[in-house]
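First to last, the protein sequences are chains A and B. Residues in the first sequence are numbered consecutively from 1, following my numbering. Residues in the second sequence are numbered consecutively from 1, following my numbering. Here a beta-carbon is modelled for each residue, glycine too, at the ideal position from N, C-alpha and C. Remember, it's a predicted structure, so these values are computed and weren't measured experimentally.
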Amino acid sequence: MTKSLRSLSTGQKAYIDAISVSPEFAHRLSALGLRVGQLVEVIRRAPFAGPLQLRIGTTDVIMRRQDAASILVTAA
Amino acid sequence: MSSCAAKMPPASSLPPLEPNTRRRIAIIGMPNTGKSTFFNRLTGASARIGNWPGVTVDLLAARLIVGDSVVELVDLPGLYDMRGFSEDEAVVRNFLCSQRVDVVAIVINSVQIERQLHLACQIRALGLPAVLVLNMQDEAEQLGVRIDTAKLSQLLNMPVVAVSAKLGRGMNQIVPTFQRVLHTHQSVAVTQEKFEQLPSDEVIHTETKALFHAAVDIPVLASKQLASRLDKWLLHPLLGLPLFFLILFALFQAVYILGAPLQEAVDIGQGWLKDTILTPIFSYAPAIVSSFVLDGLWDGLATVATFVPIIIVFFLFMAVVEDTGYFSRAAYLMDAFMAKLGLDGRSFVMILMGFGCNVPALMGTRVMRSKALRLLTMLIIPFSLCSARLQVFLFLATILFSPQQAPLVLFSLYLLSVFTAVLTAFIFKRFFKDREPFVLELPPYRLPTIRMLWLRAWQEARHFLQRATKFIVLGVTLVWALTHLPIGVVVASPESWAGAVGAFFQPVLAPIGIDNQMAIALIFGFVAKEIVVGSLAVIYGLQDTALSQQIAASMDWVQCYSFMIFTLIYTPCLSTVATLYAESKSKWFTALAVAWPLLLAWLASYGFYHAARALGY
Chain A
1 MTKSLRSLST
11 GQKAYIDAIS
21 VSPEFAHRLS
31 ALGLRVGQLV
41 EVIRRAPFAG
51 PLQLRIGTTD
61 VIMRRQDAAS
71 ILVTAA
Chain B
1 MSSCAAKMPP
11 ASSLPPLEPN
21 TRRRIAIIGM
31 PNTGKSTFFN
41 RLTGASARIG
51 NWPGVTVDLL
61 AARLIVGDSV
71 VELVDLPGLY
81 DMRGFSEDEA
91 VVRNFLCSQR
101 VDVVAIVINS
111 VQIERQLHLA
121 CQIRALGLPA
131 VLVLNMQDEA
141 EQLGVRIDTA
151 KLSQLLNMPV
161 VAVSAKLGRG
171 MNQIVPTFQR
181 VLHTHQSVAV
191 TQEKFEQLPS
201 DEVIHTETKA
211 LFHAAVDIPV
221 LASKQLASRL
231 DKWLLHPLLG
241 LPLFFLILFA
251 LFQAVYILGA
261 PLQEAVDIGQ
271 GWLKDTILTP
281 IFSYAPAIVS
291 SFVLDGLWDG
301 LATVATFVPI
311 IIVFFLFMAV
321 VEDTGYFSRA
331 AYLMDAFMAK
341 LGLDGRSFVM
351 ILMGFGCNVP
361 ALMGTRVMRS
371 KALRLLTMLI
381 IPFSLCSARL
391 QVFLFLATIL
401 FSPQQAPLVL
411 FSLYLLSVFT
421 AVLTAFIFKR
431 FFKDREPFVL
441 ELPPYRLPTI
451 RMLWLRAWQE
461 ARHFLQRATK
471 FIVLGVTLVW
481 ALTHLPIGVV
491 VASPESWAGA
501 VGAFFQPVLA
511 PIGIDNQMAI
521 ALIFGFVAKE
531 IVVGSLAVIY
541 GLQDTALSQQ
551 IAASMDWVQC
561 YSFMIFTLIY
571 TPCLSTVATL
581 YAESKSKWFT
591 ALAVAWPLLL
601 AWLASYGFYH
611 AARALGY
């Protein structure tokens with residue numbers, strides 16, 4: 001079932017299905033390892049609607065929830 | 001093989017190299033790959049800021065001896081992608097298009113080789129002679145990442161060297177490898193079209209994936225137990241922020257405890273030099289010359305020099321915090337709050353960087369794509385309490401506050417520094433409205449080595465000294481002239497030129513408790529804060545204990561704190577103003593960035609001074 005990366009809860013893993021952001025931002029995400037087909041895990045969520053900590057392979061990134069909303073995933 | 005390989009003629013067809021032709025090696029790599037560490041390892045501390053025709057930003061360069069020739073080694077800004085859209089990425093492209101480069105050293109983090117290899121593929125596609133440096137070999141080994149360098153070298157058709165720049169391992173292979181490439185290749189300048197013709201993301205991605213599978217063996221999930229245990233506490237939803245401020249407070253406390261005795265020692269040393277050597281020598285010189293050299297130059301410079309040990313200690317601690325990867329954690333902790341101010345977590349990190357010097361922090365905003373976000377961040381960075389201001393506060397806090405109070409006074413000023421930055425963002429966010437997607441890498445925790453820490457601290461101290469000598473000689477000379485002229489006046493009396501200047505500003509500065517003498521120091525502090533303490537020494541014609549006693553007698557703690565508030569908030573220095581203009585390219589923005597802090601400084605000092613007086617202090 002497809003849902004947004006934002007809606008994943010802490011500790012959940014999912015495969016990236018689609019990234020619907022500007023080409024520019026997609027570029028940056030791709031450089032950080034966030035590409036369609038990759039497995040991503042939500043490590044923690046900052047309080048007060050703060051950013052998510054994500055793990056892709058051996059790389060950890062932080063991303064705002066608002067931006068995570070534009071990434072569609074399927075739970076692993 | 002790639003198209004570029006064909007364009008590189010074999011070595012035999014090359015004309016013999018002229019020994020005097022300066023050849024150039026450029027280092028590229030992503031942020032957090034230890035690029036600067038690699039650069040420092042190769043060059044020691046000999047780097048200088050260089051300029052290149054057609055390249056608008058300053059880059060770090062150093063000379064490197066390769067075989068029998070001297071080569072220029074340039075450290076290009078960090079980038080994620082050769083076709084990226086950030087300003088730093090544009091700088092790299094512009095550099096490669098406008099300057100001939102003989103070798104590109106691509107520095108990548110071995111642990112993250114999977115998502116960094118595409119840089120090597122892109123450089124190869126551009127037809128640039130290259131060496132791939134697999135850095136952080138030590139971490140890769142710890143995590144069980146194994147890379148077959150021979151295989152990778154064969155597939156990429158470029159030399160591959162595995163090193164740990166931090167520990168210095170494998171670094172002895174670098175120069176011989178450069179030498180080999182320099183011998184077999186000629187310099188290349190890339191054209192803009194070449195960049196446009198770079199293969200698409202998909203092609204590059206498939207290519208790197210193939211390379212990765214052929215040459216890299218990586219454990220599914222490397223053991224990161226310590227990191228996750230640390231993160232559990234440092235990124236804790238409730239305790240994360242309090243811990244962060246506790247760590248900063250402990251840091252300032254430690255700087256004070258360790259730095260104060262060192263400062264004392266330097267002070268005793270310079271006093272001895274003046275009394276036993278300089279004063280006897282200059283007793284034969286005309287009074288005006290001896291007054292200028294001893295009470296002007298020497299007092300000014302020596303008073304400032306006593307702060308070098310404390311600056312070194314400060315940067316040692318800052319380097320620990322920065323090198324361990326804690327700054328990015330701070331960005332995570334603060335992002336939700338910064339978002340409410342129209343900023344993001346990176347802006348907060350820039351403010352922390354500004355604690356060293358505002359100028360590099362301002363330049364660091366180039367990573368921001370959105371103009372509005374960047375301008376708003378640039379507007380608040382100058383509130384960050386830099387090392388030059390720290391020196392003024394250390395000096396005054398020691399004089400007017402007890403050893404128990406002084407660290408608290410300092411900490412309160414750091415809090416005020418962050419508060420004024422936040423307030424400014426809050427007021428001005430409506431004028432700089434924009435949103436940029438926010439994503440940031442969280443680097444693994446790293447244990448900094450003593451050597452790297454020392455190098456960092458030394459570079460910062462050297463930077464401080466360079467600025468200090470430049471501005472102070474000038475500033476102190478001017479202050480001396482203003483306070484001692486016209487000839488025959490009582491030093492810094494109302495009859496001197498300084499007295500006239502002070503009197504002119506009196507209507508503005510008297511209401512915030514700043515007297516004539518202090519006003520002079522404040523006016524010169526506009527040029528650079530490094531001058532303030534030196535000029536106080538000149539204004540009062542005293543140094544050491546005598547100067548401290550004189551200042552302690554001339555104002556109470558309320559006036560002193562008011563002076564510190566003003567010094568903290570108003571324009572940090574001319575270099576900052578110049579950088580604000582260079583980076584924003586807007587006169588209006590620069591004017592705002594100067595006028596608003598001045599107004600805020602006055603209001604804050606006025607508010608504090610009158611509130612304290614009203615409370616009976």
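In the same chain as residue 605 of chain B, and ignoring 5 residues on each side of it, the C-beta atoms closer than 7 Å to its own belong to 512, 562, 565 and 566, in chain order. About 6 Å separates the Cβ atoms of residue 166 of chain B and residue 37 of chain B, confirming a contact at the 8 Å cut-off.
With respect to chain B, the C-beta atom of residue 6 of chain A has no partner C-beta closer than 7 Å.
According to DSSP, residue pairing for residue 63 of chain A in a beta bridge involves A:52 and B:439. Cβ neighbours of residue 152 of chain B within its own chain (closer than 6 Å, five residues either side excluded): 160 and 215. Assigned with DSSP and collapsed to three states, residue 135 of chain B falls in strand.
By the criterion of at least three beta-carbon pairs nearer than 8 Å, the stretch 467 to 487 of chain B is in contact with the stretch 529 to 537 of chain B. Residue 115 of chain B belongs to the set of residues whose beta carbon lies under 7 Å from a beta carbon in chain A. Within the same chain, Cβ atoms closer than 6 Å to the Cβ of residue 551 of chain B are found at 399, the five residues on either side in sequence being excluded. Contact between residue 345 of chain B and residue 438 of chain B holds, with the beta-carbon distance rounding to 7 Å and staying under 8 Å. Looking at B:441, B:390 and B:405, the one whose alpha-carbon comes closest to that of residue 330 of chain B is B:441. Taking the CA atoms as reference points, residue 198 of chain B sits about 11 Å from residue 127 of chain B. Residue 71 of chain A does not reach chain B, its nearest Cβ partner there being about 10 Å away, counting only Cβ pairs nearer than 7 Å. In this chain, the alpha helix (DSSP H) harbouring residue 202 of chain B covers 201 to 215.
Separation of residue 356 of chain B and residue 456 of chain B (C-alpha to C-alpha, rounded to the nearest whole angstrom) is 11 Å. Bridge partners of residue 15 of chain A according to DSSP: A:39 and A:74. Ranked by Cα distance from residue 407 of chain B, the first of B:121, B:97, B:252 and B:580 is B:252.
By the beta-carbon neighbour count (other beta carbons within 10 angstroms, threshold 16), residue 3 of chain A is exposed. The stretch 35 to 43 of chain A makes no contact with the stretch 28 to 43 of chain B; the number of CB pairs closer than 8 Å stays below 3.
Scanning chain B for C-beta atoms nearer than 9 Å to the C-beta of residue 63 of chain A yields 437, 438, 439 and 440, reported in chain order.
Sequence-distant partners of residue 383 of chain B (beyond 5 residues in either direction) whose C-beta falls short of 6 Å from its own C-beta, in its chain, are 417, 420 and 421. In this structure, residue 453 of chain B sits near residue 316 of chain B, with a CB-CB distance shorter than 7 Å. A Cβ-Cβ separation of about 19 Å leaves residue 322 of chain B out of contact with residue 368 of chain B under the 8 Å criterion.
In the three-state DSSP reduction, residue 343 of chain B falls in the coil class, being neither helix nor strand. Within chain A, the residues whose beta carbon sits less than 8 Å from that of residue 201 of chain B are 27 and 30, listed in sequence order.
In terms of CA proximity to residue 304 of chain B, B:461 leads the group B:461, B:65 and B:158. For the stretch 36 to 55 of chain A, the set of residues with a beta-carbon nearer than 7 Å to any beta-carbon of chain B comprises 44, 46, 47, 48, 49, 50, 51 and 53, in chain order. When DSSP states are grouped into helix, strand and coil, residue 274 of chain B belongs to the helix group. The contact set of residue 11 of chain A on chain B, defined by CB atoms closer than 8 Å, is empty, because the minimum CB distance reaches about 12 Å. Of all residues in the stretch 330 to 347 of chain B, the ones placed with a Cβ closer than 8 Å to any Cβ belonging to chain A are 331, 332, 333, 335, 336, 337, 339, 344 and 345, in chain order. Residues 118 and 121 of the same chain have their beta carbon placed closer than 6 Å to that of residue 204 of chain B, with the five preceding and five following residues left out of the count. Chain B places a beta carbon closer than 7 Å to that of residue 59 of chain A, counting this residue as a contact.
In the DSSP annotation of this structure, the continuous segment of the alpha helix (DSSP H) that includes residue 520 of chain B starts and ends at 516 to 525.
Within the DSSP bridge table, the entry for residue 3 of chain A names A:73 as partners.
Scanning B:72, B:62, B:537 and B:522 for the CA closest to the CA of residue 44 of chain B turns up B:62. At least 7 Å separates the CB of residue 17 of chain A from every CB of chain B.
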